[in-house]
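Inspection log for the structure reproduced underneath, given as structure tokens.
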Amino acid sequence: MDPVAERDLGDYLENLDDTRFDEEGYLFREQLPQWFGCLVSGVHYLHSNGIRHRDIKPRNILILSGNVLLADFGISKSSPGESLSISTDTGGTPKYRAPEVVEFQRFGRKSDIFSLG
């Protein structure tokens with residue numbers, strides 16, 4: 001059985017207190033680049049295997065033992081090419097959708113990368 005995540009990144013960010021910032025006002029300076037690097041590597045792995053997540057957002061990033069895991073593949077799609085076909089189903093959470101998804105254009109690797117931030 002897989003271990004249960006301690007919390008998701010959305011919850012973590014919503015419940016920050018002043019102890020999470022350094023004297024220059026930067027948020028967990030050492031942890032953030034590590035987490036982002038893990039997410040970029042994970043998304044690269046998905047894309048290398050023809051999978052588009054389509055709903056990357058803080059609530060779908062789980063924190064477990066100081067590491068992050070990308071979760072919720074409920075609307076992910078598999079496509080061997082760069083982009084998925086044009087669809088009226090934009091998928092994903094509106095706040096994190098790439099412009100091309102909002103405009104009902106093809107959903108590609110760049111769309112997931114946009115959602116990473």
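First residue of the sequence shown? That's 1 in UniProt numbering, and the numbers climb one at a time after it. Using N, Cα and C, we set each Cβ at its ideal position, and we do this for glycine too. This structure is a prediction, so every number in the text was calculated from the model and none was measured.
**Secondary structure, beta strand (DSSP E): runs of 3+ residues fully inside the stretch 41-84** = 61-64, 67-70
**Prompt:** So Tyr96 and Ile63 are in contact, right, with Cβ under 8 Å, and what is the actual spacing, rounded?
**Reply:** For the purposes of this step, residue 96 is identified with residue 96 of the sequence shown, where counting begins at 1. For the purposes of this step, residue 63 is identified with residue 63 of the sequence shown, where counting begins at 1. About 18 Å; that fails the 8 Å criterion.
**Asked** Which residues in the same chain as Ser78 place their Cβ atom closer than 7 Å to its Cβ, once the five residues preceding and following it in sequence are excluded?
**Response** In the sequence shown, counting from the first residue as 1, residue 78 sits at position 78. Excluding positions up to five away in sequence, the list reads Gly50, Ile51.
**Prompt:** Quick one: what's got a C-beta closer than 6 Å to Gly42's C-beta in the same chain, skipping five residues either side?
**Reply:** Within the sequence shown, numbered from 1, the residue matching residue 42 stands at position 42. If we look at Gly42 and ignore the five residues flanking it on each side, its Cβ neighbours are Leu70.
**Asked** Mind checking Arg7: buried by the 16 CB within 10 Å criterion, or exposed?
**Response** Here residue 7 is taken as the residue at index 7 of the sequence shown, counted from 1. Arg7 should be labelled exposed.
**Request:** Go ahead and pull the three-state DSSP assignment for Asp8.
**Result:** Walking along the sequence shown from the start, residue 8 turns up at place 8. It is a strand residue.
**Prompt:** Taking the DSSP output, what are the residues bridged to Gly117?
**Reply:** Along the sequence shown, one-based indexing puts residue 117 at 117. Paired residues: none, contrary to the question.
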